[in-house]
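1 is the number of the first residue of the sequence shown in the working numbering; add one for each residue after it.
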Amino acid sequence: MRRILAAAAFALALAPLPAAADTVVKLTLDGRPVDRSGGSAVLHNGIVYADVVDLVRSFNGILTFQGKALVVTVNGVTATFTDGSRTAKVADGSVVMRGPAFERNRDLFVPLEMFITRVANARVRISPDKTRADISVNANPLS
(Lines of atoms letter the chains of each structure in order from A; the text may use other names.)
(Lines give C-alpha, C1' and ligand atoms only; values in the text may rest on other atoms or scores of the structure.)
Protein backbone atom coordinates (compact mmCIF):
# COMPACT_ATOMS: atom_id res chain seq x y z
CA MET A 1 0.00 0.00 0.00
CA ARG A 2 2.86 2.37 0.80
CA ARG A 3 4.41 1.71 -2.58
CA ILE A 4 1.17 2.56 -4.35
CA LEU A 5 0.82 5.81 -2.40
CA ALA A 6 4.48 6.68 -2.99
CA ALA A 7 4.11 6.00 -6.73
CA ALA A 8 0.96 8.14 -6.91
CA ALA A 9 2.65 11.01 -5.04
CA PHE A 10 5.67 10.77 -7.33
CA ALA A 11 3.46 10.82 -10.45
CA LEU A 12 1.60 13.89 -9.18
CA ALA A 13 4.89 15.66 -8.50
CA LEU A 14 6.03 15.06 -12.09
CA ALA A 15 2.74 16.12 -13.69
CA PRO A 16 2.88 19.55 -15.36
CA LEU A 17 1.03 22.31 -13.60
CA PRO A 18 -2.04 23.57 -15.44
CA ALA A 19 -1.56 26.92 -17.19
CA ALA A 20 -3.17 29.91 -15.58
CA ALA A 21 -6.49 30.75 -17.16
CA ASP A 22 -6.81 33.91 -19.21
CA THR A 23 -8.69 36.70 -17.46
CA VAL A 24 -11.06 39.06 -19.24
CA VAL A 25 -9.92 42.67 -19.62
CA LYS A 26 -12.56 45.39 -19.96
CA LEU A 27 -11.89 47.08 -23.31
CA THR A 28 -13.28 50.48 -24.29
CA LEU A 29 -12.93 52.71 -27.34
CA ASP A 30 -13.36 56.41 -26.58
CA GLY A 31 -15.23 55.43 -23.41
CA ARG A 32 -17.62 52.93 -25.02
CA PRO A 33 -17.32 49.17 -24.55
CA VAL A 34 -15.87 47.36 -27.55
CA ASP A 35 -17.80 44.20 -26.66
CA ARG A 36 -20.74 44.42 -24.28
CA SER A 37 -20.62 40.70 -23.44
CA GLY A 38 -16.89 40.80 -22.62
CA GLY A 39 -14.12 38.61 -23.95
CA SER A 40 -12.74 40.92 -26.65
CA ALA A 41 -9.61 41.40 -24.57
CA VAL A 42 -7.84 39.01 -22.22
CA LEU A 43 -4.76 38.94 -20.06
CA HIS A 44 -2.68 36.04 -21.39
CA ASN A 45 0.80 35.26 -20.04
CA GLY A 46 1.03 38.78 -18.58
CA ILE A 47 0.18 40.52 -21.88
CA VAL A 48 -3.14 42.15 -22.79
CA TYR A 49 -4.40 40.63 -26.04
CA ALA A 50 -7.48 41.50 -28.09
CA ASP A 51 -9.61 39.75 -30.67
CA VAL A 52 -8.49 40.98 -34.11
CA VAL A 53 -11.99 40.75 -35.60
CA ASP A 54 -13.50 42.93 -32.85
CA LEU A 55 -10.68 45.48 -33.24
CA VAL A 56 -11.11 45.65 -37.02
CA ARG A 57 -14.87 46.13 -36.60
CA SER A 58 -14.27 48.90 -34.08
CA PHE A 59 -12.09 50.77 -36.56
CA ASN A 60 -14.27 50.04 -39.62
CA GLY A 61 -11.45 48.10 -41.22
CA ILE A 62 -11.33 45.20 -43.65
CA LEU A 63 -10.12 41.68 -42.97
CA THR A 64 -9.50 38.53 -44.95
CA PHE A 65 -8.53 35.05 -43.83
CA GLN A 66 -5.56 33.38 -45.52
CA GLY A 67 -5.06 29.95 -43.93
CA LYS A 68 -3.66 30.47 -40.42
CA ALA A 69 -3.09 34.15 -41.19
CA LEU A 70 -5.43 37.11 -40.97
CA VAL A 71 -4.84 40.16 -43.17
CA VAL A 72 -6.33 43.41 -41.88
CA THR A 73 -6.48 46.94 -43.23
CA VAL A 74 -7.32 49.84 -40.95
CA ASN A 75 -7.07 53.47 -42.13
CA GLY A 76 -4.82 52.46 -45.03
CA VAL A 77 -2.42 50.37 -42.92
CA THR A 78 -2.29 46.68 -43.84
CA ALA A 79 -1.05 44.06 -41.39
CA THR A 80 -0.81 40.28 -41.42
CA PHE A 81 -1.03 38.20 -38.25
CA THR A 82 -0.35 34.46 -38.16
CA ASP A 83 -1.52 32.11 -35.43
CA GLY A 84 1.45 31.08 -33.28
CA SER A 85 3.83 33.73 -34.64
CA ARG A 86 5.41 36.65 -32.76
CA THR A 87 6.15 38.41 -36.05
CA ALA A 88 3.52 40.51 -37.78
CA LYS A 89 3.85 42.14 -41.18
CA VAL A 90 2.84 45.78 -40.88
CA ALA A 91 2.87 48.01 -43.96
CA ASP A 92 6.19 47.23 -45.69
CA GLY A 93 8.02 45.88 -42.64
CA SER A 94 7.91 43.33 -39.88
CA VAL A 95 7.22 43.86 -36.19
CA VAL A 96 8.15 41.45 -33.42
CA MET A 97 5.26 41.43 -30.96
CA ARG A 98 5.63 40.96 -27.19
CA GLY A 99 3.90 37.60 -27.51
CA PRO A 100 2.64 35.33 -30.29
CA ALA A 101 -0.78 35.64 -31.86
CA PHE A 102 -2.96 32.82 -30.59
CA GLU A 103 -6.34 31.27 -31.20
CA ARG A 104 -8.93 31.29 -28.43
CA ASN A 105 -12.46 29.99 -29.03
CA ARG A 106 -11.79 30.09 -32.81
CA ASP A 107 -10.84 33.80 -32.67
CA LEU A 108 -7.34 35.19 -33.30
CA PHE A 109 -5.90 37.32 -30.49
CA VAL A 110 -2.92 39.67 -30.86
CA PRO A 111 -1.09 41.94 -28.39
CA LEU A 112 -3.38 44.95 -27.99
CA GLU A 113 -0.72 47.66 -27.69
CA MET A 114 1.01 46.69 -30.93
CA PHE A 115 -2.25 46.61 -32.90
CA ILE A 116 -3.47 49.95 -31.55
CA THR A 117 -0.22 51.88 -31.96
CA ARG A 118 1.09 50.33 -35.22
CA VAL A 119 -2.06 49.42 -37.16
CA ALA A 120 -4.86 51.66 -35.88
CA ASN A 121 -2.58 54.65 -35.19
CA ALA A 122 -4.35 55.35 -31.91
CA ARG A 123 -3.44 55.35 -28.23
CA VAL A 124 -4.17 52.81 -25.54
CA ARG A 125 -3.90 53.07 -21.78
CA ILE A 126 -3.81 49.83 -19.81
CA SER A 127 -4.53 49.97 -16.08
CA PRO A 128 -1.65 48.96 -13.78
CA ASP A 129 -3.54 45.84 -12.69
CA LYS A 130 -4.29 44.99 -16.36
CA THR A 131 -8.04 44.65 -15.81
CA ARG A 132 -8.98 47.57 -18.08
CA ALA A 133 -7.71 48.92 -21.40
CA ASP A 134 -8.91 52.23 -22.85
CA ILE A 135 -8.33 53.01 -26.53
CA SER A 136 -8.36 56.71 -27.45
CA VAL A 137 -9.01 57.82 -31.01
CA ASN A 138 -11.12 60.92 -30.66
CA ALA A 139 -9.76 62.05 -27.30
CA ASN A 140 -10.38 65.60 -26.18
CA PRO A 141 -6.99 67.41 -26.36
CA LEU A 142 -7.93 69.38 -23.23
CA SER A 143 -8.38 66.31 -21.05
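Think of the CB as a built atom: it goes at the ideal place given N, C-alpha and C, for glycine as much as any other residue.
query	result
Identify which residue in Arg132, Asp129 and Ala120 has its Cα closest to the Cα of serine 58.	Ala120
Within a Cβ cutoff of 7 Å, which residues of the same chain sit near glycine 38, ignoring the five residues on either side of it in sequence?	Val24
Would a C-beta distance cut-off of 8 Å place leucine 70 and valine 52 closer than the cut-off?	yes
Using only alpha-carbon positions, find the residue among Asp22, Ala21 and Gly31 that is nearest to arginine 123.	Gly31
In angstroms, rounded to a whole number, what distance separates the CA positions of aspartate 153 and isoleucine 62?	The first residue shown for the chain is 1 and the last is 143, placing residue 153 beyond what the model contains.
Quick check: what's the CA-CA separation for lysine 130 versus asparagine 45?	12 Å
Locate the beta strand (DSSP E) running through arginine 125, then write down its first and last residues.	123–126
What's the C-alpha gap between alanine 147 and tyrosine 49?	Outside the shown range of the chain (1 to 143) lies residue 147, about which nothing can therefore be said.
Do isoleucine 135 and leucine 29 count as a contact pair if the criterion is CB distance below 8 Å?	yes
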